[in-house]
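Undergrad: So that you can map any letter, position 434 of the first sequence is 447 in the numbering used here, and since no number is skipped, the others follow by simple counting.
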Amino acid sequence: MRIYNTLTRAKEEFIPLEEGKVKMYACGITVSGEAHIGHGYQALIYDIMRKFLEKQGYKVTYARNYTDVDDKIINKSRETGIPADKYAADMIKKIDGIMAEFDVGEPTLWLKATENIENIIDFIQKLIDSGHAYPADNGDVYFDVTSFKRYGCLSNRSVEDMLDGVRVENGEEKRTPADFALWKSAKAGEISWNSPWGKGRPGWHIECSAMNRKAFGEQIDIHGGGRDLIFPHHENEIAQTESLTGKRFAKFWTHNGLIKVNGQKMSKSLGNSLLLEDLLKKYSNEAVKFALLQTNYRNDINLTDGVFGEAEKHISEFYAVMEKVENKFGKGVSGNAEIDKRFDGVMSDDFNTALALSDLFGIFKEINKKLSANDRTAADDVRQVRETYSLLGLFKKQTKDYFDEVRAKNPEEIPDEVKALAEKRWQAKQAKNWSEADALRAKISALGYAVKDGKDGYTIVKE
RNA sequence: GGCGCUAUAGCCAAGUGGUAAGGCCAAGGUCUGCAAAACCUUUAUCCCCCGGUUCAAAUCCGGGUGGCGCCUCCA
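Given below as structure tokens:
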């Protein structure tokens with residue numbers, strides 16, 4: 014099993030801290046808004062990593078967090094008049110619902126910032142005691158980046174470099190501009206907790222360090238998140254945790270690529286987010302997954318028009334073949350070890366889902382051949398594909414359910430006029446009046462529809 | 001300005017030393033009254049440019065050029 018490690022910028026053989034066990038943590042969502050496709054993608058990738066590691070025989074403990082208190086949430090609370098804690102709780106509920114619809118597995122542990130305040134305060138206090146952090150007069154507590162020699166090791170920058178671009182906000186009282194807040198003092202009316210430094214709330218970076226320590230202790234095997242988190246978030250996590258423990262925090266740092274829409278970065282500030290909820294109204298969750306997993310997780314994905322439609326087409330084709338096979342030969346009995354072995358081999362190289370998916374085209378080509386050759390092992394292959402690829406969240410549905418779902422998501426309202434023309438054309442065709450039939454088809458086409466003839470009837474589709 | 005990622009056919013994209021996967025599009029074929037769908041077949045002498053290492057490089061090294069991102073909230 015090889016995994017790319019951002020820390021060393023290379024693929025490395027994965028050897029866990031403790032034989033047979035994996036501790037992994039992935040930074041989840043700050044619940045100031047709804048889940049977009051990037052959140053879904055990130056959740057999907059780490060769920061797949063977890064499942065594949067389990068398939069490799071590891072006992073995996075996988076933790077994810079929700080950041081349920083931060084500036085954005087407080088702003089939303091102010092805008093909507095809903096208390097910050099209720100706003101966050103409602104949003105978490107909604108996001109959980111959408112993730113369930115997307116069919117992403119639950120982590121072993123769910124962690125929330127607001128449920129770890131004591132733990133966070135304890136962590137901060139220890140950093141102060143050891144000289145790595147300092148309280149300021151305004152009630153904030155900052156981490157002293159000059160106190161941690163390796164600061165910048167993940168993003169490969171030096172503190173001097175950072176000072177160039179750093180911006181100091183009004184009201185901050187940092188010793189070094191690159192210092193970051195561990196605790197932020199509360200302004201009037203803001204959600205807050207009591208602390209040795211007065212009323213306030215935790216900074217974003219400290220919560221992940223503190224929750225990791227609580228969930229796993231001093232060290233973990235894999236820490237993941239989106240590539241945008243490398244700096245400053247993950248860099249700061251390393252500084253906090255390693256300052257406290259004196260040990261290497263995460264053995265492997267993994268970062269998934271980001272999703273762009275038509276070449277442009279998708280972000281909260283640009284407001285061009287593609288919401289998961291909207292996508293799932295139009296496409297099956299398996300099609301969305303297929304589209305995303307065609308690119309390796311470390312690369313950015315540029316979503317252009319048509320990618321999801323194309324993915325749906327592929328999934329539909331695969332299901333159509335499976336349906337034929339299952340109708341003809343039943344469910345299959347023995348499976349096909351080759352398919353599974355190949356999958357494992359490909360996924361063992363840094364979770365190469367793109368290759369795993371491209372294999373499907375060859376597999377189904379083979380199944381098609383067997384189908385026409387009346388070879389019953391086609392059913393075994395289908396059974397194996399369903400079993401193996403369920404790890405990627407694919408082919409988990411009954412064929413009928415899948416097609417019903419797709420139809421329901423794309424209701425085709427055929428106008429009566431078109432239906433009547435199609436019927437007339439069918440009559441003409443039955444009468445072998447070809448010129449009449451072709452003329453009618455031209456009319457239907459002009460209205461934006463197409464007729465496709467089958468053995469004993471026709472179907473109308475929108476063009 | 002600093003740091004990082006990336007550059008493979010019209011498009012998407014896999015591939016870290018052994019001679020270019022896969023998908024879309026396109027073309028041809030089977031089928032069809034004709035189509036569509038489905039199925040079969042074909043499609044990069046070459047991997048941004050220059051130089052180097054090597055028996056051998058898209059893959060390693062050096063130098064360029066372009067694209068994207070991070071350095072401020074972000075999966």
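For glycine and all other residues, C-beta sits at the position ideal for the given N, C-alpha and C.
Measure the C-alpha to C-alpha separation of A39 and G276 and round it to an integer number of angstroms.
TA: Locating residue 39 in the first sequence gives position 26, counting from the first residue. Locating residue 276 in the first sequence gives position 263, counting from the first residue. Whole-angstrom Cα-Cα distance: 26 Å.
Undergrad: Drop a sphere of 10 angstroms on the beta-carbon of K187, count the other beta-carbons inside from all chains shown, and report buried for 16 or more, exposed for fewer.
TA: Within the first sequence, the letter at position 174 stands for residue 187. With 16 or more other Cβ atoms within 10 Å, it is buried.
Undergrad: Could you please give the first and the last residue of the uninterrupted alpha helix (DSSP H) stretch that includes G322?
TA: Taking the first sequence and counting its residues from 1, one reaches residue 322 at position 309. Residues 320-342.
Undergrad: Between E220, K383, I352, R438, which lies nearest to S403 when the distance is taken from Cα to Cα?
TA: By 1-based counting over the first sequence, the position of residue 403 is 390. Ranking the options by Cα distance to S403, first place goes to I352.
Undergrad: Would you kindly report the start and end of the unbroken beta strand (DSSP E) that includes H268?
TA: Here residue 268 refers to the residue found at position 255 of the first sequence. Counting along the chain, the beta strand (DSSP E) containing H268 begins and ends at 263-269.
Undergrad: Can you find a heavy atom of the ligand MG that lies under 7 Å from the Cβ of L453?
TA: Of ligands this structure carries none, so the ligand MG is not represented either.
Undergrad: Return the first residue and the last residue of the alpha helix (DSSP H) that A223 is part of.
TA: Counted from its first residue, the first sequence places residue 223 at position 210. Residues 217-229.
Undergrad: Can you check DSSP and say which residues form a bridge with K72?
TA: Looking up residue 72 in the first sequence gives position 59. K34.
Undergrad: Quick check on A444: does DSSP put it in helix, strand or coil?
TA: Position 431 of the first sequence, counted from the first residue, corresponds to residue 444. Residue state, collapsed to three classes: coil.
Undergrad: By the DSSP assignment, the alpha helix (DSSP H) with G5 in it spans what residues?
TA: Since the first residue of the chain shown is 14 and the last is 476, residue 5 is not available in this structure.
Undergrad: Taking the alpha-carbon of K432 as reference, which of W217, A324, K465, T401 has the nearest alpha-carbon?
TA: What you label residue 432 is simply residue 419 of the first sequence in a count that begins at 1. Of W217, A324, K465, T401, the residue nearest in Cα terms is K465.
Undergrad: Contact check, K197 vs G211 under 8 Å by CB: the rounded distance?
TA: For the purposes of this step, residue 197 is identified with residue 184 of the first sequence, where counting begins at 1. For the purposes of this step, residue 211 is identified with residue 198 of the first sequence, where counting begins at 1. At roughly 11 Å, the Cβ-Cβ gap does not stay under 8 Å, so K197 and G211 are not in contact.
Undergrad: Could you tell me the boundaries of the alpha helix (DSSP H) in which N185 lies?
TA: Here residue 185 refers to the residue found at position 172 when the first sequence is read from its first residue. The sequence given here has Glu at residue 185, not Asn. Premise fails: E185 is in no alpha helix (DSSP H) and is neither H nor E.
Undergrad: Output the distance between the C-alpha atoms of F377 and K354, rounded to the nearest integer angstrom.
TA: Here residue 377 corresponds to residue number 364 of the first sequence, with the count starting at 1. Here residue 354 corresponds to residue number 341 of the first sequence, with the count starting at 1. The alpha-carbon atoms of F377 and K354 are separated by roughly 16 Å.
Undergrad: Identify the continuous alpha helix (DSSP H) that holds E379 and give its terminal residues.
TA: Counting from 1 along the first sequence, the entry for residue 379 is found at position 366. First-last of the alpha helix (DSSP H) with E379: 366-385.
Undergrad: Given this structure, state the Cα-to-Cα distance separating Y54 from G110, to the nearest angstrom.
TA: One-based indexing of the first sequence puts residue 54 at position 41. One-based indexing of the first sequence puts residue 110 at position 97. Going from the Cα of Y54 to the Cα of G110 covers about 15 Å.
Undergrad: Work out the CA separation of A369 and K383 for me, nearest whole Å.
TA: In the first sequence, counting from the first residue as 1, residue 383 sits at position 370. In the first sequence, counting from the first residue as 1, residue 369 sits at position 356. Whole-angstrom Cα-Cα distance: 21 Å.
Undergrad: Considering only the alpha carbon of each residue, which of L30, K410, T390 lies closest to S297?
TA: On the first sequence, position 284 is the one that residue 297 refers to. Of the listed residues, the one whose Cα sits closest to S297 is K410.
Undergrad: Using three-state DSSP, classify T480 as helix, strand or coil.
TA: This structure gives no information on residue 480, because the portion of the chain shown stretches from 14 to 476.
Undergrad: If you follow the beta strand (DSSP E) that F356 is part of, which residue opens it and which one closes it?
TA: Translated into positions along the first sequence, residue 356 becomes position 343. That residue, F356, is in no beta strand (DSSP E); its alpha helix (DSSP H) goes 350-360.
Undergrad: Can you tell me the Cα-Cα spacing of T258 and V334, whole angstroms?
TA: The residue you call residue 258 lines up with position 245 of the first sequence. The residue you call residue 334 lines up with position 321 of the first sequence. Looking at the two C-alpha atoms, the distance is approximately 55 Å.
Undergrad: Which one of E290, A223, N446 has the shortest CA to CA distance from A113?
TA: Within the first sequence, the letter at position 100 stands for residue 113. Selected option, being the one with the closest Cα: E290.
Undergrad: Compare the C-alpha of A452 against each of L434, Q443, G461 and name the closest.
TA: Reading the first sequence from its first residue, position 439 is the one you call residue 452. Out of L434, Q443, G461, L434 has the C-alpha closest to the C-alpha of A452.
Undergrad: Kindly identify the DSSP beta-bridge partner or partners of Y54.
TA: The residue given as residue 54 occupies position 41 in the first sequence. Per DSSP, none; premise fails for Y54.
Undergrad: Locate the alpha helix (DSSP H) running through I251, then write down its first and last residues.
TA: For this step, residue 251 is matched to residue 238 along the first sequence. Element bounds for I251: 248-258.
Undergrad: Between the alpha carbons of N129 and K344, how many angstroms are there, rounded?
TA: Within the first sequence, numbered from 1, the residue matching residue 129 stands at position 116. Within the first sequence, numbered from 1, the residue matching residue 344 stands at position 331. Approximately 48 Å, taken between the alpha carbons.
Undergrad: How many angstroms separate the CA atom of R22 from the CA atom of D174?
TA: Taking the first sequence and counting its residues from 1, the one referred to as residue 22 is at position 9. Taking the first sequence and counting its residues from 1, the one referred to as residue 174 is at position 161. Each residue's Cα considered, the two are about 20 Å apart.
Undergrad: How far does the beta strand (DSSP E) with R15 in it reach, from first residue to last?
TA: Within the first sequence, the letter at position 2 stands for residue 15. Unbroken beta strand (DSSP E) run through R15: 15-18.
Undergrad: Assuming V3 is part of the beta strand (DSSP E), what are its boundary residues?
TA: Given that the chain is displayed from residue 14 to residue 476, the structure contains no residue 3 and the question cannot be resolved.
Undergrad: Do A102 and I86 have their C-beta atoms within less than 8 Å of each other?
TA: Counted from its first residue, the first sequence places residue 102 at position 89. Counted from its first residue, the first sequence places residue 86 at position 73. Contact flag unset, no.
Undergrad: Can you tell me which residues form a DSSP beta bridge with V474?
TA: The sequence position of residue 474 within the first sequence is 461, counting from 1. The partner list for V474 (beta bridge, DSSP) reads A463.
Undergrad: Spell out the partners DSSP gives R214 in its beta bridges.
TA: Numbered from its first residue, the first sequence carries residue 214 at position 201. K197, per the DSSP bridge assignment.
Undergrad: Rounding to the nearest angstrom, what Cα-Cα distance links S168 and F265 in this structure?
TA: Residue numbering aside, residue 168 sits at position 155 when the first sequence is read from its first letter. Residue numbering aside, residue 265 sits at position 252 when the first sequence is read from its first letter. Looking at the two C-alpha atoms, the distance is approximately 14 Å.
Undergrad: Should V346 be labelled buried (16 or more other beta-carbon atoms within 10 Å of its own) or exposed?
TA: In the first sequence, residue 346 corresponds to position 333, counting from 1. So V346 ends up on the exposed side.
Undergrad: Check each candidate in T412, V419, D394, F342 and name the one with the smallest Cα separation from V301.
TA: Indexing the first sequence from 1 puts residue 301 at position 288. The shortest C-alpha separation from V301 is found at V419.
Undergrad: Going by other Cβ atoms of all chains shown within 10 Å of its Cβ, with 16 needed for buried, is W447 buried or exposed?
TA: One-based indexing of the first sequence puts residue 447 at position 434. Under this definition W447 is an exposed residue.
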